[in-house]
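Peer 1: Before anything else, here's the structure in question.
Okay, structure coming up:
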């Protein structure tokens, strides 16, 4: 049944055991790194910021990567970039990013490099820990930087489970880390945004409520997008049914297959099929 508001009847939380283990490992390794590179989803820049990572890395400079920028609203990308001290807006799935990231790391750490040079250290290898929530594109980012497949990539959360050091070049090393969430989501709207983008396992969320939440957001913030994609009246009381009928997402007896409709709508919202959408405005 489609709800008219943005509230959820079930709180969303997902913190499997390997994440707690990964957090402890990351905390131990932080003393070995010079900088933290935090990947966020450009479509949800604040919702995809892990407060645990901020707490762990508070004594280290942090470069924020707004990843998957090709799926987000370009105007919003530019607004969000201005919110952070050090920030790059990237599409690590296809963009050539190595030089851009390495140069930014060297710029941020220039004072440290200058001090090392004053002490007679002619060549200092910079170490960066790459962190982020699940399914934000960390493995794709790392594979792109080193120009070979060194990290496993899948379009689902929880694939990377171990830490590994990876050499980019003679100047910079990366520490790849698993995607980590936090034990309890105080802000359930952020939790819905994370679930909508696939950073939380679908098995722990009400997918239909998630689709309703997304449809309401699109109607309010991107009027015309639903009509343009699905050729239905955006003011339909039950948009899921209207879209299912239009797209013929029906069962064998010509009844609406709501499960199929919800799953296919979620796929659209997580891809560029719906257009370049920023789900969290600046």
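Numbering (this note's numbering), first residue to last: 319 to 600.
No residue lacks a Cβ here, since even glycine has one placed at the ideal position from N, Cα and C.
Between residue 585 and the rest of its own chain, which residues show a CB-CB distance below 7 angstroms, the 5 nearest in sequence each way excluded?
Peer 2: One-based indexing of the chain shown puts residue 585 at position 267. Cβ within range, chain order: n/a, list empty.
Peer 1: If you check the beta carbons only, do residue 517 and residue 451 fall under 7 angstroms apart?
Peer 2: Taking the first residue of the chain shown as 1, we reach residue 517 at position 199. Taking the first residue of the chain shown as 1, we reach residue 451 at position 133. A distance below 7 angstroms separates the beta carbons of residue 517 and residue 451.
Peer 1: Please report the distance separating the alpha-carbon of residue 563 from that of residue 574.
Peer 2: Here residue 563 corresponds to residue number 245 of the chain shown, with the count starting at 1. Here residue 574 corresponds to residue number 256 of the chain shown, with the count starting at 1. If you take the alpha carbons of residue 563 and residue 574, they lie about 7 angstroms apart.
Peer 1: Is the CB of residue 589 under 7 angstroms away from at least one CB in chain B?
Peer 2: Reference to chain B is not applicable here, since this structure consists of a single protein chain.
Peer 1: Which residue spans inside the segment 347–410 form an unbroken beta strand (DSSP E) run of at least 3?
Peer 2: 353–359, 380–385 and 405–407
Peer 1: If residue 396 sits next to residue 387, beta carbons under 8 angstroms apart, how far is it from one beta carbon to the other, in whole angstroms?
Peer 2: Taking the first residue of the chain shown as position 1, residue 396 is located at position 78. Taking the first residue of the chain shown as position 1, residue 387 is located at position 69. That belief does not hold up - the Cβ atoms of residue 396 and residue 387 are roughly 10 angstroms apart, past 8 angstroms.
Peer 1: Note the first and the last residue of the continuous alpha helix (DSSP H) segment covering residue 580.
Peer 2: Locating residue 580 in the chain shown gives position 262, where the first residue counts as 1. Start and end: 576–587.
Peer 1: Which of helix, strand or coil does DSSP assign to residue 447?
Peer 2: Stepping through the chain shown from its first residue, residue 447 is reached at position 129. The answer is strand: DSSP assigns residue 447 an E or B state.
Peer 1: Could you pull the DSSP bridge partners for residue 491 from this structure?
Peer 2: Here residue 491 is taken as the residue at index 173 of the chain shown, counted from 1. 445 and 485, per the DSSP bridge assignment.
Peer 1: Are the Cβ atoms of residue 508 and residue 365 separated by less than 7 angstroms?
Peer 2: Residue numbering aside, residue 508 sits at position 190 when the chain shown is read from its first letter. Residue numbering aside, residue 365 sits at position 47 when the chain shown is read from its first letter. Yes, they are a contact pair.
Peer 1: How many angstroms separate the CA atom of residue 307 from the CA atom of residue 363?
Peer 2: One cannot answer for residue 307 here, as it falls past the ends of the chain, which runs 319 to 600.
Peer 1: Classify residue 568 as helix, strand or coil using the three-state DSSP reduction.
Peer 2: Mapped onto the chain shown, residue 568 falls at position 250. DSSP places residue 568 in strand when its eight states are reduced to three.
Peer 1: By how many angstroms is the C-alpha of residue 456 removed from the C-alpha of residue 398?
Peer 2: By 1-based counting over the chain shown, the position of residue 398 is 80. By 1-based counting over the chain shown, the position of residue 456 is 138. Spanning the two alpha carbons is a distance of roughly 20 angstroms.
Peer 1: Alpha carbon to alpha carbon, how far is residue 495 from residue 478? Give it in angstroms, no decimals.
Peer 2: The residue given as residue 478 occupies position 160 in the chain shown. The residue given as residue 495 occupies position 177 in the chain shown. Per-residue confidence for residue 478 stands at a pLDDT of 46, beneath the threshold of 50, marking its modelled position as unreliable; the derived number appears in the next sentence. Looking at the two C-alpha atoms, the distance is approximately 7 angstroms.
Peer 1: Give the secondary structure of residue 593 by DSSP, where H, G and I count as helix, E and B as strand, and everything else as coil.
Peer 2: For the purposes of this step, residue 593 is identified with residue 275 of the chain shown, where counting begins at 1. Coil, per DSSP.
Peer 1: Going by beta-carbon coordinates alone, are residue 560 and residue 552 separated by less than 7 angstroms?
Peer 2: Position 242 of the chain shown holds residue 560. Position 234 of the chain shown holds residue 552. No. Outside cutoff.
Peer 1: Distance, Cα to Cα, residue 565 vs residue 545?
Peer 2: Within the chain shown, numbered from 1, the residue matching residue 565 stands at position 247. Within the chain shown, numbered from 1, the residue matching residue 545 stands at position 227. Answer to the nearest angstrom: the Cα atoms are 12 angstroms apart.
Peer 1: Does the beta-carbon of residue 527 have 16 or more other beta-carbons within 10 angstroms, so that it is buried, or is it exposed?
Peer 2: Sequence index remark: in the chain shown, residue 527 carries index 209 (1-based). Classification of residue 527: buried, given that the 10 Å Cβ count is 16 or more.
Peer 1: Considering residue 271, what are the terminal residues of the alpha helix (DSSP H) in which it resides?
Peer 2: For the chain, the structure presents residues 319 to 600; residue 271 sits outside this window and is missing.
Peer 1: Let me know if residue 414 comes out buried or exposed under the rule of 16 or more other beta-carbons within 10 Å of its beta-carbon.
Peer 2: Along the chain shown, read from residue 1 onward, the residue named residue 414 stands at position 96. Per the 10 Å Cβ criterion, exposed.
Peer 1: Using the rule of at least 16 other Cβ atoms within 10 Å of the residue's Cβ for burial, across every protein chain shown, is residue 488 buried or exposed?
Peer 2: Position 170 of the chain shown, counted from the first residue, corresponds to residue 488. With fewer than 16 Cβ atoms within 10 Å of its Cβ, residue 488 is classed as exposed.
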